[in-house]
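In structure tokens form, the structure reads like this:
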């Protein structure tokens, strides 16, 4: 069974698709708010909690995101830190062919774990 939810704020859309194995958050549009954490953080925290309760991998898929300002990286870093300290598997996927995504997300590889529980992947 696939469960879908969509969250929208300004020009940012986060679509969540959950199945038996994973919770995938697909990011679309543009994240331009001055304080995006107010919108983004609760979604990320809930997804990480649900992943832990259901023994599911959480996937943050940024490949369809057109733009994000520098304020957007903070809630992403915080959830990566939490995942690294915890037990829920998390994978962040980005579009390596988009220069801005490659610059922003490749720097987050420091959160990758040796056991591949936390992975940062450019595709």
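In the numbering used here, the protein residues as written are 83 to 205. We put the CB at the ideal spot given by N, CA and C, even for glycine. All of these numbers come straight from a predicted model, not from anything done at the bench.
The shortest C-alpha to C-alpha distance from residue 124 to any of 197, 89, 204 and 200 is the one to 89. The beta carbon of residue 107 sits closer than 8 Å to the beta carbons of 96, 97, 98, 125, 126, 129, 140, 141, 142 and 143 from its chain, once the five residues preceding and following it are set aside; these are given in chain order.
The three-state secondary structure of residue 159, taken from DSSP, is helix.
Cβ neighbours of residue 85 within its own chain (closer than 6 Å, five residues either side excluded): 100. When C-alpha distances from residue 105 are compared across 174, 156, 203 and 153, the shortest belongs to 174. Shown here, residue 154 sits in a helix according to DSSP, grouped into three states. Rounded to whole angstroms, residue 165 and residue 131 show a C-alpha spacing of 10 Å.
In terms of CA proximity to residue 134, 168 leads the group 168, 114, 152 and 146.
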